[in-house]
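Some notes on the structure that comes next.
Number of protein chains: 2
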Amino acid sequence: MSLPHAILTALLEKPSSGLELTRRFDRSIGYFWSATHQQIYRELGKLEADGLIRALPAEQPARGQKKSYEVLPAGRAELARWTAAPQDPKPHRDPLLLRLRAAAVVGTGGIEADLRRHRELHARQLAEYQEIERRDFPPERNAPEDRLRHLVLRAGIDLETFWTRWLDHALAEFEQLPGAESADAGSADAPPAESRHAEGA
Amino acid sequence: MSLPHAILTALLEKPSSGLELTRRFDRSIGYFWSATHQQIYRELGKLEADGLIRALPAEQPARGQKKSYEVLPAGRAELARWTAAPQDPKPHRDPLLLRLRAAAVVGTGGIEADLRRHRELHARQLAEYQEIERRDFPPERNAPEDRLRHLVLRAGIDLETFWTRWLDHALAEFEQLPGAESADAGSADAPPAESRHAEGA
DNA sequence: TAAACCATGTAACATGTTACATGATTTT
DNA sequence: AAAATCATGTAACATGTTACATGGTTTA
Numbered sequence: 001m002s003l004p005h006a007i008l009t010a011l012l013e014k015p016s017s018g019l020e021l022t023r024r025f026d027r028s029i030g031y032f033w034s035a036t037h038q039q040i041y042r043e044l045g046k047l048e049a050d051g052l053i054r055a056l057p058a059e060q061p062a063r064g065q066k067k068s069y070e071v072l073p074a075g076r077a078e079l080a081r082w083t084a085a086p087q088d089p090k091p092h093r094d095p096l097l098l099r100l101r102a103a104a105v106v107g108t109g110g111i112e113a114d115l116r117r118h119r120e121l122h123a124r125q126l127a128e129y130q131e132i133e134r135r136d137f138p139p140e141r142n143a144p145e146d147r148l149r150h151l152v153l154r155a156g157i158d159l160e161t162f163w164t165r166w167l168d169h170a171l172a173e174f175e176q177l178p179g180a181e182s183a184d185a186g187s188a189d190a191p192p193a194e195s196r197h198a199e200g201a
Numbered sequence: 001m002s003l004p005h006a007i008l009t010a011l012l013e014k015p016s017s018g019l020e021l022t023r024r025f026d027r028s029i030g031y032f033w034s035a036t037h038q039q040i041y042r043e044l045g046k047l048e049a050d051g052l053i054r055a056l057p058a059e060q061p062a063r064g065q066k067k068s069y070e071v072l073p074a075g076r077a078e079l080a081r082w083t084a085a086p087q088d089p090k091p092h093r094d095p096l097l098l099r100l101r102a103a104a105v106v107g108t109g110g111i112e113a114d115l116r117r118h119r120e121l122h123a124r125q126l127a128e129y130q131e132i133e134r135r136d137f138p139p140e141r142n143a144p145e146d147r148l149r150h151l152v153l154r155a156g157i158d159l160e161t162f163w164t165r166w167l168d169h170a171l172a173e174f175e176q177l178p179g180a181e182s183a184d185a186g187s188a189d190a191p192p193a194e195s196r197h198a199e200g201a
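Heads up: the protein sequence lines correspond to chains A and B, in order.
According to the UniProt record's numbering, the first sequence is numbered sequentially starting from 1.
According to the UniProt record's numbering, the second sequence is numbered sequentially starting from 1.
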């Protein structure tokens, strides 16, 4: 139940149309809550039906026409309620760690190359966040209203730093692995399938 | 498309029934890929229909009867393929960061108490992982087959350490916040709803 | 033998993903 | 006026969640 509240937050920051929201989800908000345009349109419909937002009465309703929404008092109240309500942390889901665990059983295959690729992607994301920090939160600018936004951005920066370093560590560990190939102990049925030709980083 | 591969990995480590799998997902595997028993039974049915696993012909099929599965050669091959295939990192989704961002708009409400609670939950999880590390990976035991499994556990330990520290930082930041109350700049419609009575940590 | 628990499962729904459809506006 | 792009939307499906149903086994 987070997408509607992500949309309410975005609309409170600035009333927008579906496509504008989609673009903002590709940037700031999407950094910790992504959504496609189909999800957003679907959710905008529900929020409007529930009386939490309304379409700005600017112009026409036709199909190819832009339609902007703003948050109604009931929507703001719902967002405040949700923000203050306790929530348990959801268990973390990470396909890459799952693959490493699988690699311990069926062999490492070409996974090392993908680890390197992920490392680079995280490093790039880190650079992007740091650029945003330089631009939006220079040392002078330290108003209380910005503190929370900056704190959230710091989480993004710290997380990408974390993963970059962890992947460095993992790659170092791989170099110490014997032949970097099939380490098994299980029921032994099929051949390890492909294994050579790593795709470079 | 990760749940079937999580199940294949678990079954290769040790053939199991649905409930046994559920229990193992509550422990080791579930630490980075959780699943409920309904998901697991549903997926076991699909994997069997696809010829990737089969029920051990031990005994009866009746309703309240235990039914164990093992991985077939095709299943092992599929897991090896999936493990080696490149995958893009999925964008990270974090409701707590979303709530902090919302708090920047509608006010902090009682969110501080929940931050403290999350901090304690992460600290507890960290302690659990460290206990597992002590038990399963003592310094003597350093066989190559264990390296990958240990690496994955380290990720869990490092992540919980990360969040514990980050939440400490966030809470320190909160103490510097003016009245620790409603910081707004937007369309101003509704009252900030509830705000007082934090629920202690 | 009733209650508690073990084990597998069904059903309904919420959320997220992928592919495609359609009208309006801008560019060539 | 054809092509590209903008903007909103439908449809089908995959995955995840919540509530409940059913038969068997153990324990009070």
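All C-beta atoms in this analysis are idealised placements derived from N, C-alpha and C, irrespective of residue type, glycine included.
Remember, predicted model here, so these are calculated numbers, not experimental data.
Tell me whether the beta-carbon of V152/B lies closer than 9 angstroms to the beta-carbon of L79/A. Taking the second sequence and counting its residues from 1, the one referred to as residue 152/B is at position 152. Taking the first sequence and counting its residues from 1, the one referred to as residue 79/A is at position 79. Contact flag unset, no.
Contacts that Q87/A makes with chain B (C-beta to C-beta distance below 8 angstroms): Taking the first sequence and counting its residues from 1, one reaches residue 87/A at position 87. Correct list: P95, L96, R99, D114.
Close-in-space but distant-in-sequence residues of the same chain around G156/B (CB under 6 angstroms, 5 per side omitted): The residue labelled residue 156/B in the question sits at position 156 within the second sequence. If we look at G156/B and ignore the five residues flanking it on each side, its Cβ neighbours are Y31, Y129.
Ordered along the chain, which non-local residues of its own chain (more than five positions away) have a Cβ less than 8 angstroms from that of K46/A? Residue 46/A sits at position 46 when you count from the first residue of the first sequence. Counting only Cβ-Cβ distances below 8 angstroms, and skipping sequence neighbours, we find P4.
Would you kindly work out how many angstroms separate the C-alpha atoms of R27/A and E145/A, rounded to a whole number? Along the first sequence, read from residue 1 onward, the residue named residue 27/A stands at position 27. Along the first sequence, read from residue 1 onward, the residue named residue 145/A stands at position 145. Approximately 20 angstroms, taken between the alpha carbons.
Given this structure, state the Cα-to-Cα distance separating L171/B from D88/A, to the nearest angstrom. Taking the second sequence and counting its residues from 1, one reaches residue 171/B at position 171. Taking the first sequence and counting its residues from 1, one reaches residue 88/A at position 88. Taking the straight line joining both Cα atoms gives about 18 angstroms.
Interface residues of chain B around F32/A at Cβ under 7 angstroms? Residue mapping note: residue 32/A aligns to position 32 of the first sequence, counting from 1. Result: H92, R93, D94, L97, L98.
I'd like the span of the alpha helix (DSSP H) that includes A127/B, first residue to last. What you label residue 127/B is simply residue 127 of the second sequence in a count that begins at 1. 111-136 is the span of the alpha helix (DSSP H), which, as asked, contains A127/B.
Contact list for the segment 149-163 of chain A against chain B, Cβ threshold 9 angstroms: R149, H150, L151, V152, R154, A155, G156, D158, L159, F162, W163
Quick one: does A49/B have its CB under 9 angstroms from some CB of chain A? The residue you call residue 49/B lines up with position 49 of the second sequence. Output row for A49/B: interface = no.
Below 8 angstroms CB to CB, which residues in the same chain sit around A6/B once its five sequence neighbours on both sides are set aside? Position 6 of the second sequence, counted from the start, is the residue given in the question as residue 6/B. Hits under 8 angstroms: F25, I29, W33, A35.
With the cut-off set at 9 angstroms, would you say V56/A and P15/A are in Cβ contact? Against the first sequence, residue 56/A aligns to sequence position 56. Against the first sequence, residue 15/A aligns to sequence position 15. Checking the displayed sequence, the identity of residue 56/A turns out to be Leu instead of Val. Yes.
Alpha-carbon to alpha-carbon, L159/A and H118/A: By 1-based counting over the first sequence, the position of residue 118/A is 118. By 1-based counting over the first sequence, the position of residue 159/A is 159. H118/A and L159/A have their alpha carbons spaced roughly 14 angstroms apart.
Residue of A49/B, E13/B, P86/B, T164/B minimising C-alpha distance to G109/A: Counted from its first residue, the first sequence places residue 109/A at position 109. The residue with the shortest Cα to Cα distance from G109/A is P86/B.
Check whether the Cβ of L8/B lies closer than 9 angstroms to any Cβ atom in chain A. On the second sequence, residue 8/B is found 8 positions in, with the first residue counted as 1. So, interface residue.
Where R27/B falls: helix, strand or coil (DSSP): On the second sequence, position 27 is the one that residue 27/B refers to. Looking at R27/B - three-state DSSP - the assignment turns out to be coil, as it is neither helix nor strand.
CB contact below 9 angstroms: Q176/B versus chain A: Counting from 1 along the second sequence, the entry for residue 176/B is found at position 176. So, interface residue.
Can L44/A and A74/A be called in contact, C-beta distance under 9 angstroms? Translated into the one-based positions of the first sequence, residue 44/A becomes position 44. Translated into the one-based positions of the first sequence, residue 74/A becomes position 74. With respect to A74/A, L44/A sits apart: the two C-beta atoms are not nearer than 9 angstroms.
Could you check if R101/B is buried or exposed, using at least 16 other CB atoms within 10 Å of its CB as the buried criterion? For the purposes of this step, residue 101/B is taken as the residue at position 101 of the second sequence. Its Cβ being crowded by 16 or more others within 10 Å, R101/B is buried.
Establish whether the CB of G107/B and some CB of chain A are separated by less than 9 angstroms. As a position in the second sequence, residue 107/B is number 107, starting the count at 1. Interface residue, yes.
Complete alpha helix (DSSP H) runs within the segment 49-89 of chain A (minimum length 4 residues, chain order): 73-84
Is I53/B close to chain A, meaning its C-beta is less than 9 angstroms from at least one C-beta of that chain? The residue labelled residue 53/B in the question sits at position 53 within the second sequence. Not one chain A Cβ lies under 9 angstroms of I53/B.
Using a C-beta cutoff of 9 angstroms, does I132/B count as contacting chain A? Indexing the second sequence from 1 puts residue 132/B at position 132. It does not; no Cβ of chain A falls within 9 angstroms.
Provide the residue(s) that pair with S2/A in DSSP beta bridges, ordered along the chain. Numbered from 1 along the first sequence, position 2 holds the residue referred to as residue 2/A. Answer by DSSP bridge pairing: none, since S2/A is not bridged.
List the residues of chain B that E173/A touches, going by C-beta distances under 7 angstroms, in chain order. As a first step, residue 173/A must be located in the first sequence, where it is residue number 173. Those are R147, L151, listed as they occur along chain B.
Give me the DSSP bridge partner(s) of H17/B. As a working note, residue 17/B is residue 17 in the second sequence. One point to set straight first is that residue 17/B is Ser, not His, in the sequence displayed. Its beta-bridge partners are S68/B.
Looking at the C-beta of G18/B, does it have a partner C-beta in chain A at a distance below 9 angstroms? In the second sequence, residue 18/B corresponds to position 18, counting from 1. Not closer than 9 angstroms to any Cβ of chain A, the Cβ of G18/B fails to qualify, so no.
Taking 9 angstroms as the threshold (C-beta atoms), are S17/B and A68/B in contact? Translated into positions along the second sequence, residue 68/B becomes position 68. Translated into positions along the second sequence, residue 17/B becomes position 17. A small correction: the amino acid at residue 68/B is Ser; Ala does not occupy that position in the sequence shown. A contact, by the Cβ cut-off of 9 angstroms.
Give a yes or no on whether the minimum CB-CB distance between A170/A and chain B is below 9 angstroms. Numbered from its first residue, the first sequence carries residue 170/A at position 170. Yes, A170/A counts as interfacial toward chain B.
Using a Cβ-Cβ distance under 9 angstroms, would E128/B count as near chain A? As a first step, residue 128/B is located in the second sequence; it is residue number 128 there, counting from the start. Chain A, which has no Cβ nearer than 9 angstroms to the Cβ of E128/B, makes this no.
For E160/B, which three-state DSSP category applies? Counting from 1 along the second sequence, the entry for residue 160/B is found at position 160. Looking at E160/B - three-state DSSP - the assignment turns out to be helix.
Below 8 angstroms on the Cβ atoms is my contact criterion, and I expect L115/B with L167/B to pass it. Report the Cβ-Cβ distance as a whole number of Å. Indexing the second sequence from 1 puts residue 115/B at position 115. Indexing the second sequence from 1 puts residue 167/B at position 167. Yes, they are in contact, since the Cβ atoms of L115/B and L167/B sit about 6 angstroms apart, within 8 angstroms.
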